[in-house]
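Report on the structure given below.
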Amino acid sequence: MAEKAHAIAYWLLPEAAAREVFLREIRRLARQFGAPLFEPHATVFIVPENSRAPFEVLRDVGPVDIELAIHSIRFSEQFTKTLYVQFERNSALQQLGDAILKAERARNRYLIDPHLSLLYAKLPSKTKQRLADNIRLPFRKVGFTSICVMRCARPTTKAIEVEQWKLLAP
C-alpha cells in the first residue's frame, strides 16, 4: 500500500487560559471515546509538503494576535471535524491567511474555515449531537497569540495519523 500524502499545516494556537479549557475538553472526550489526544488549534493554511521552509514563512509573517468569536459547537462526518468549535470569520484572520499565502509564495488561496476540533472519532450522529448540545464554554471569544507549523497526513482519517503529526516550527 502506498504511503499517504502529507501536507504542511499552519495552526493558530489559543492563549493559555482558553488552551487549558480546550485541552481539558479534548482529554475528557478522548478518554470517553478512546480517541487520540492533540493540541488545541485552528488551521489557517495548508500547503504541499515540499513548500518553503516553515521557519522562513513564520519569520516573514511576524507576530500573531487574533481574536475569534465563537459561532457554535458543531459536528460532522469528517474525521477531523467530528466535534468542533466553529468560529466566525473576520478580516484579521483573512489577513493572516493572505500573509501566509504571500510568504509561502503559494498560488492558490486557502479557504479558511475557522474551527477548533475537540474530538477525532467515528461516532453515530446522535452521539455527536448529544455531545455538541452539552458542551458549554466559559467564553464567547478566543484569543490566538501564536502559530506553529505541523506535518500532517492529508487527509487525516485515522487516530494513528493524528499520533504521527510532527511539529516543524517553531
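If you count by the numbering used here, then the sequence shown holds residues 1 to 170, one letter each, in order.
Positions of the beta carbon are idealized from the N, C-alpha and C atoms, including for glycine.
Ends of the beta strand (DSSP E) at S173?
Past the boundaries of the shown model lies residue 173; the chain is included only from 1 to 170, so the question cannot be answered.
Out of curiosity, what's the CA-to-CA distance linking F139 and L68?
11 angstroms
If you drop the 5 nearest sequence neighbours on each side, which residues of the same chain put their C-beta closer than 6 angstroms to that of K122?
none
With a cut-off of 8 angstroms on the beta carbons, I'd call S146 and L13 a contact; round off their distance for me.
5 angstroms
Which value, in whole angstroms, describes the spacing of the CA atoms of A16 and V64?
14 angstroms
Per DSSP, which residues does I66 bridge with? Please list them.
F144
On the three-pair Cβ rule with 8 angstroms, is the stretch 108-115 touching the stretch 86-98?
yes
How would you write the range of the beta strand (DSSP E) that I135 sits in, first residue to last?
Run containing I135: none; DSSP gives neither H nor E here.
Leaving out five residues before and five after E25 in sequence, what residues of the same chain have Cβ atoms less than 6 angstroms from its Cβ?
L118
Mind checking whether I66 and A9 have CB atoms under 8 angstroms apart?
no
Three-state secondary structure (DSSP) at Q86?
strand
Please report the straight-line C-alpha distance between A159 and R105, rounded to a whole angstrom.
32 angstroms
Is it true that the CB of E163 sits closer than 8 angstroms to the CB of A153?
no
Report, in whole angstroms, the separation of the C-beta atoms of L83 and K128, which I expect to be a contact under 8 angstroms.
6 angstroms
So what does DSSP say about F22, is it helix, strand or coil?
helix
Starting from S117, trace the beta strand (DSSP E) both ways and give me its first and last residue.
H115 to L119
Reduced DSSP secondary structure (H/G/I, E/B, other) of S76:
coil
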